[in-house]
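Sequential numbering from 1 applies to the sequence shown in the numbering used here. Below is one structure, written out as structure tokens; the observations come after it.
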Amino acid sequence: MSPRAASALLTIALAGLLAAGSADARRSDRNQPMDIDAGRQAGTLDESGPIVFSGGVIITQGTMHVEAERAEITARGGDIQRVVITGSPATMRQEMDDGSPMSARGQRIDYNVANETMVITGDAHVEQPKGNMASQRIVYNMQSERVEAGGEGAGRVQMRIQPRAEREGGGN
């Protein structure tokens, strides 16, 4: 799998974090070239280890825009296995197929391709017109579309679900 495909998978996973039935990430973005701008790059996408981008990493693909201090992509047998982005915070935003914006941020965003699981940790937030979610940890399983959120100790989950009128732009 190419880095472009890994980026598309990351985008799809983040877009689905709030709930099943929310708008899909812009599908046409997956067919766009992916551009990576970083201060440094080390490694290759092969069996010898991950490719690491660091120093103000900016990844764009279509309407998707990712900013992180570090991005690490691991492959096995030519297929992407894992994508990890970190920052203070690492951020991602994208336009959905319906034209609405979606954004996510956290200290670490870890996508495991084999398990189809996305884990956002460290002041994790997902925001879209349908609603917002915040927690120290947000886990999304793409197969089951199950979302789990929580924190250590006294950590709390915060969620806001917008009324239909607000989601559809008809609020006062």
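Heads up, the beta-carbon is just placed ideally off N, CA and C, and yes, glycines get one too.
Quick check: residue i and residue j, are their CB atoms within less than 8 Å of each other?
i    : j    : result
V66  : M92  : yes
P50  : I85  : no
E116 : N132 : no
G55  : R40  : yes
Could you give the distance in angstroms between the alpha-carbon of residue i and the alpha-carbon of residue j?
i    : j    : result
V57  : K130 : 29 Å
R69  : R160 : At residue 69 the sequence reads Glu, which differs from the Arg that was named. When rounded, the distance between both Cα atoms is 29 Å.
R164 : H125 : 21 Å
Near residue i, which residues of its chain fall below 8 Å by C-beta distance, leaving aside the five closest residues on each side in sequence?
i    : result
D123 : P89, R105, G106, Q107, A134, Q136
Q143 : E116
V173 : For the chain, the structure presents residues 1 to 172; residue 173 sits outside this window and is missing.
Within 10 Å of its beta-carbon, does residue i have 16 or more other beta-carbons around it, so buried, or fewer, so exposed?
i    : result
E148 : exposed
Q61  : buried
G87  : buried
A42  : exposed
Which same chain residues end up closer than 6 Å to residue i when comparing Cβ atoms and leaving out the 5 residues on each side of it in sequence?
i    : result
M102 : A15, Q94, M96, Q128
I109 : I85, A90, I120
Helix, strand or coil for residue i? Go by DSSP, reduced to three states.
i    : result
N115 : coil
CB-CB under 7 Å to residue i, same chain, minus the five flanking residues each way: which ones, in chain order?
i   : result
T63 : R26, D29, Q94, E95
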